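Participant:
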Amino acid sequence: MTSAARPGPQSPEAAELVELASSVAQEAAELLVTRFGRVRVVQTKSSPTDVVTEMDREAEQLILDRLLAARPGDAVLAEEGGQTGAGSVRWIVDPLDGTVNYLYGLPDWAVSVAAEVAGEIVAGAVCVPLRRCLFTAERGGGAWLVSAADPARQRLICNSGVALSAALVATGFGYAAEQRVGQGGVVAAVLPRVRDIRRSGSAATDLCSVAAGQVDAYYERGLQYWDLAAGGLIAREAGAVTGGLHGQPAGTHLAIAAAAGLFAELHDLLAGQIAR
382 MTSAARPGPQ
392 SPEAAELVEL
402 ASSVAQEAAE
412 LLVTRFGRVR
422 VVQTKSSPTD
432 VVTEMDREAE
442 QLILDRLLAA
452 RPGDAVLAEE
462 GGQTGAGSVR
472 WIVDPLDGTV
482 NYLYGLPDWA
492 VSVAAEVAGE
502 IVAGAVCVPL
512 RRCLFTAERG
522 GGAWLVSAAD
532 PARQRLICNS
542 GVALSAALVA
552 TGFGYAAEQR
562 VGQGGVVAAV
572 LPRVRDIRRS
582 GSAATDLCSV
592 AAGQVDAYYE
602 RGLQYWDLAA
612 GGLIAREAGA
622 VTGGLHGQPA
632 GTHLAIAAAA
642 GLFAELHDLL
652 AGQIAR
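So for the sequence shown, our numbering puts the first residue at 382; every next one is plus one.
#1: What separation, rounded to the nearest whole angstrom, lies between the Cα atoms of threonine 586 and glycine 603?
#2: Do you know offhand how far valine 527's Cα is from glycine 612's?
#3: Helix, strand or coil for proline 488? Go by DSSP, reduced to three states.
#4: Looking at the secondary structure, which residues open and close the alpha helix (DSSP H) in which glutamine 442 lies?
#5: Between alanine 530 and alanine 593, what straight-line distance do the alpha-carbon atoms span, to the nearest angstrom?
#6: Taking alanine 322 and glycine 466 to be in contact with their CB atoms under 8 angstroms, please state how far apart those CB atoms are, rounded to whole angstroms.
#7: DSSP puts tyrosine 600 in a beta bridge; with which residues?
#8: How should valine 414 be labelled, buried or exposed, when 16 other C-beta atoms within 10 angstroms of its C-beta is the threshold for buried?
#9: What residue range is occupied by the uninterrupted alpha helix (DSSP H) comprising valine 568?
#10: Whose C-beta lies closer than 7 angstroms to the C-beta of arginine 561 among residues of the same chain, with five residues either side of it excluded?
#11: Could you tell me the boundaries of the beta strand (DSSP E) in which aspartate 475 lies?
#12: If you drop the 5 nearest sequence neighbours on each side, which residues of the same chain put their C-beta closer than 8 angstroms to that of tyrosine 606?
#13: DSSP on arginine 617, reduced to helix/strand/coil?
#14: Could you name the residues of the same chain whose beta carbon sits closer than 6 angstroms to that of glutamate 460, not counting the 5 residues immediately before and after it, in chain order?
#15: Between His648, Ile502, Arg438, Tyr485, which has its C-alpha nearest isoleucine 462's C-alpha?
#16: Is phenylalanine 516 helix, strand or coil when you go by DSSP?
#17: Taking the alpha-carbon of alanine 504 as reference, which of Ser404, Ala584, Glu435, His648 has the nearest alpha-carbon?
#18: Are the beta-carbon atoms of arginine 580 and alanine 548 separated by less than 8 angstroms?
#19: Would you please state the rounded distance, in angstroms, between the beta carbons of alanine 639 and leucine 647? I believe it to be under 8 angstroms.
#20: List the endpoints of the continuous alpha helix (DSSP H) containing alanine 593.
#21: For the beta strand (DSSP E) that contains glutamine 464, what are its first and last residues?
#22: For glycine 624, count neighbouring Cβ atoms within 10 angstroms of its own Cβ and tell me buried if that reaches 16, exposed if not.
#23: Short of 6 angstroms in beta carbon distance, which residues of its chain neighbour glutamine 654, apart from the five on each side in sequence? Order them along the chain.
#24: Between Trp525, Arg471, Ala385, which has its C-alpha nearest alanine 533's C-alpha?
#25: If you compare alpha carbons, which of Thr480, Ala558, Ala495 is closest to leucine 445?
#26: Excluding the 5 residues flanking alanine 385 on each side, which residues of the same chain have their C-beta closer than 8 angstroms to its C-beta?
#27: Out of Gln442, Ala518, Met436, Val492, which one is the CA nearest neighbour of leucine 511?
Printed below as a string of structure tokens:
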């Protein structure tokens, strides 16, 4: 099903969780900055171009150590290490979203940390250190940005009232060649129908860009839960709708994020291009 931010009481626990997520994401980002431009590839995943660096692993280990020191009873789902532990709170961790950008010295990479309770993301933080931005949200508490340009916390509201033809749309691509063939066909159909396309190379950054009004919409296929968890909450708390095709939740098959009217237009365009 599609999801938008739902009003409700803010939980004291959620406030504590977002504070911990923010602290841990910033610390991991600081570690990554110290080695930026000086890393080596240690593994490939879905294809030879889908890489893991030594810093993906180091940052993830730092995050796990800090989370479990603060909350030893919690579970963690992390991109590199998988699922560990059990508890009423599960942390969803992407230690380095945008690894290829990081490897090439490009600025759009992020650390993403979210907290899930009873199957729902309730707190999240995305730190984009080379943009000097920290995005945060807690369920029912809005989405916020602290940046070097304005250290005071800024409330984020996504762009609304934008027609598809005027929309700046972010997207991304998978690493497998056969997947890219299909994605190329979809973007070729979308491009003539929108203002323009942007591709940052980091799903978490793109979702936060929707929240901040830096793009109007975002879609991508092939995302994992850790790609969407924190950024998706931030987008929803900024007023965006997130979802997949035909009422399905955002996920591997497709993720879309935009304000409600634009979401519907983009959904219908993509539905005509993507098989169920």
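We put the CB at the ideal spot given by N, CA and C, even for glycine. Computed from a prediction, not measured in an experiment: that's the story for all the values here.
Facilitator: So, from the listed chains and residues:
#1: 16 angstroms
#2: A direct Cα-Cα distance of roughly 15 angstroms separates valine 527 from glycine 612.
#3: coil
#4: 435 to 451
#5: 14 angstroms
#6: In the structure displayed, the chain extends from 382 to 657; residue 322 sits before or after that span and is not available.
#7: Thr552, Ile637
#8: exposed
#9: 558 to 571
#10: Phe554, Gly555
#11: 470 to 478
#12: Leu458, Ile473, Gly632
#13: helix
#14: The answer, listed in chain order, is Asp475, Trp607.
#15: Note that residue 462 is glycine in the sequence shown here, rather than isoleucine. The residue with the shortest Cα to Cα distance from glycine 462 is Arg438.
#16: strand
#17: Ser404
#18: No, Cβ-Cβ distance for arginine 580 and alanine 548 is not below 8 angstroms.
#19: 6 angstroms
#20: 584 to 593
#21: Element bounds for glutamine 464: 463 to 465.
#22: buried
#23: Val567, Ala570
#24: Trp525
#25: Ala495
#26: Arg617, Gly620, Ala621, Val622, Thr623, Ala641
#27: Val492
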